[in-house]
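Just so you know, we're using the numbering used here here: the sequence shown kicks off at 791 and counts up by one. Even glycine gets a Cβ: it sits at the ideal position worked out from N, Cα and C. Presented below is the structure to which this report refers.
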Amino acid sequence: METVEKIQQQISENPILLYMKGSPKLPNCGFSAQASQALMSCGEEFAYVDILQNPDIRSELPKYADWPTFPQLWVDGELIGGCDIIMEMVQQGELQAIVKESVAKRTK
Numbered sequence: 791m792e793t794v795e796k797i798q799q800q801i802s803e804n805p806i807l808l809y810m811k812g813s814p815k816l817p818n819c820g821f822s823a824q825a826s827q828a829l830m831s832c833g834e835e836f837a838y839v840d841i842l843q844n845p846d847i848r849s850e851l852p853k854y855a856d857w858p859t860f861p862q863l864w865v866d867g868e869l870i871g872g873c874d875i876i877m878e879m880v881q882q883g884e885l886q887a888i889v890k891e892s893v894a895k896r897t898k
């Protein structure tokens, strides 16, 4: 499977997906730590991909997403953004809302 196909499959199979450095329990950078903490505070399950363990995804995803940095949050197949956007959305109560909305779509 080509890397782009793998990325597309991950995004389509995981309604809430965080591409990050490390894991939510052991993040390998401060931005990934902040982003995963913000997502965990929403109280819903989410998937993640450790880009340090997947160098092919690390190199291809910025081109695919047209977003140069990590972490990257995807919800329902749409790129939400990186750490700054995630933190801003948490402060405004928007992240919790889109996460809950995504979960509600799946539980209907």
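Query: If you follow the beta strand (DSSP E) that I870 is in, where does it begin and where does it stop?; Result: 868-871
Query: Curious, which full-length beta strand (DSSP E) runs of at least 3 residues does the region 827-871 contain?; Result: 837-840, 862-865, 868-871
Query: What residue range does the alpha helix (DSSP H) around L885 cover?; Result: 884-896
Query: Taking the straight line between their C-alpha atoms, what separation do you get for G871 and I797?; Result: 16 Å
Query: Tell me whether M877 sits in a helix, a strand or coil according to DSSP, three-state version.; Result: helix
Query: Could you tell me the distance, in whole angstroms, from the CA atom of M810 to the CA atom of K890?; Result: 21 Å
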